[in-house]
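Chemist:
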Amino acid sequence: MFLLFVYTQFMEENFSAHSDQGTIIFETLKKELLDLTIKPGEEIHETLVCKRFSVTRPPVRTALKRLSDIGLVDIRPYYGIYATLLNIDQIYEIVHMRILVESSVIRDYINSRPDGFEIEKLEHNLRLEKILASEKNVDHNKFYELDNELHKIWFTGGHCLSVWNIIEDQKIQYQRFRMLDFTATKNYAKTLEDHTRIVEAIKSRNRKVVPNLIGMHLNNGLERVSPKVLTDFKQYIVPPQNMDYWRKYNLKYYK
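Dropping the structure here:
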């Protein structure tokens, strides 16, 4: 009976340690895949991951399986494990959905007549973005966080936090694309300009301009990156099928 107890305790502790190791590896690699420390298409060597984290194969395989389940890695038996490529067609569809949803949320937010405290939250975020964008070497991860926080303010103020959380849950492809935009074009000033115009529309309660402002803002990254999809970034991208359609469709936001 005593031996059974000891064995059970050992197995539970071993399982717990394995789970903890797998979670640490998962979270670390997930962050590196999302911020493009690990580039799309880059091979991930299981043995190197084991060596890096000083662990055996089981927790590494658990972590890689979880990353595969959320679409960040592609496990090809007998061939290798790779960071998934960016799917530009899917990103255009995500942006299209964001525009439709976010335009409605911001207009409802304006209708709710946000008070001075709400406006100060928006303006404080813009001040932080401006400070960060003026630095010689902009931390793109911090800028992305500020960008997200600004959008979250009007989703929260518009009583649509659950909608924002759904968007966040589906951000795998989109976040990596945003990181590619930030690191490749470094056009932080344009993003800040877009945000400033949206906040000014909220302050002046100008609901009419919101669809075009948010449409331009969410599409600007795609417009900056699209010309390079088939050249500079082709090693990171699934060859797009519908890019021309979406670029023509989105012209309406620039009129």
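Converting from the sequence shown to this note's numbering requires adding 49 to each position, the first position being numbered 1. Note that CB positions come from ideal geometry on N, CA and C, so glycine has one too. The model shown is predicted, which means the values in this text are computed figures rather than measured ones.
Taking its Cβ as the centre, do 16 or more other Cβ atoms sit within 10 Å of PRO288, making it buried, or is it exposed?
Modeler: The residue is exposed, with fewer than 16 neighbouring Cβ atoms inside 10 Å.
Chemist: Give the secondary structure of TYR193 by DSSP, where H, G and I count as helix, E and B as strand, and everything else as coil.
Modeler: In the structure shown, TYR193 sits in a helix (DSSP, three-state: H, G or I).
Chemist: Buried or exposed: which applies to PHE51, given that a residue is buried once 16 or more other Cβ atoms fall within 10 Å of its Cβ?
Modeler: Reliability fails at PHE51, whose pLDDT of 44 lies under 50, so the model's placement of it is uncertain and the value that follows must be treated cautiously. When all chains shown are included, PHE51 counts as exposed.
Chemist: Is the segment 188 to 205 close to the segment 222 to 242, with three or more CB pairs under 8 angstroms?
Modeler: Contact between the segment 188 to 205 and the segment 222 to 242 is present, because at least three Cβ pairs lie under 8 angstroms.
Chemist: Exposed or buried, what is LYS297 when buried is set at 16 or more other beta-carbons lying within 10 Å of its beta-carbon?
Modeler: Counting Cβ neighbours within 10 Å, LYS297 comes out exposed, since fewer than 16 surround it.
Chemist: Of the choices TYR128, ASP118, ILE148 and LEU85, whose alpha-carbon is the least far from that of VAL259?
Modeler: Closest option to VAL259, Cα to Cα, is ILE148.
Chemist: Which whole-angstrom value is the C-beta distance of GLY71 and THR111, which I expect to be below 8 angstroms?
Modeler: Right, their Cβ atoms sit about 4 angstroms apart.
Chemist: How about GLN222 and GLY90: are their beta carbons less than 8 angstroms apart?
Modeler: For GLN222 and GLY90, no; Cβs fall outside 8 angstroms.
Chemist: What did DSSP end up calling TYR131 once you bin it into helix, strand or coil?
Modeler: Strand, per DSSP.
Chemist: Do you know whose CA, among GLU169, ARG125 and ILE155, lies nearest ILE247's CA?
Modeler: Of the candidates GLU169, ARG125 and ILE155, the one whose C-alpha sits nearest the C-alpha of ILE247 is ILE155.
Chemist: Which ranges would you report for the beta strand (DSSP E) in the segment 240 to 270 if only whole runs of at least 3 residues count?
Modeler: Segments of the beta strand (DSSP E) lying fully in the segment 240 to 270: there are none.
Chemist: Of all the alpha helix (DSSP H) runs that stay within the bounds of the segment 198 to 236, which reach a length of 4 or more residues?
Modeler: You should have 210 to 218 and 221 to 234.
Chemist: Going by the CB atoms, is the gap between VAL278 and MET292 shorter than 8 angstroms?
Modeler: For MET292 and VAL278, yes; Cβs fall inside 8 angstroms.
Chemist: Nearest CA to the CA of GLY207: which residue from GLU217, PRO163 and ASN197?
Modeler: Among GLU217, PRO163 and ASN197, the Cα nearest to that of GLY207 belongs to PRO163.
Chemist: Check whether the segment 168 to 183 and the segment 218 to 233 are in contact - that is, three or more C-beta pairs closer than 8 angstroms.
Modeler: Too few Cβ pairs lie closer than 8 angstroms, so no.
Chemist: Let's see if you can read the secondary structure: which residues bound the alpha helix (DSSP H) around ASP293?
Modeler: It spans 292 to 298 - the alpha helix (DSSP H) in which ASP293 sits, taken as one unbroken run.
Chemist: Please report the Cβ distance between LEU78 and LEU116, rounded to the nearest whole angstrom; I am assuming they are in contact, meaning their Cβ atoms lie under 8 angstroms.
Modeler: About 6 angstroms; that satisfies the 8 angstroms criterion.
Chemist: Along the chain, where does the beta strand (DSSP E) containing ILE124 start, and where does it finish?
Modeler: It spans 122 to 125 - the beta strand (DSSP E) in which ILE124 sits, taken as one unbroken run.
Chemist: Report buried or exposed for ASN268, applying the criterion of at least 16 other Cβ atoms within 10 angstroms of its Cβ.
Modeler: Buried is the call here.
Chemist: As a quick exercise: from SER161, LEU229 and LEU135, pick the residue whose alpha carbon is nearest that of THR205.
Modeler: Considering only alpha carbons, the answer is SER161.
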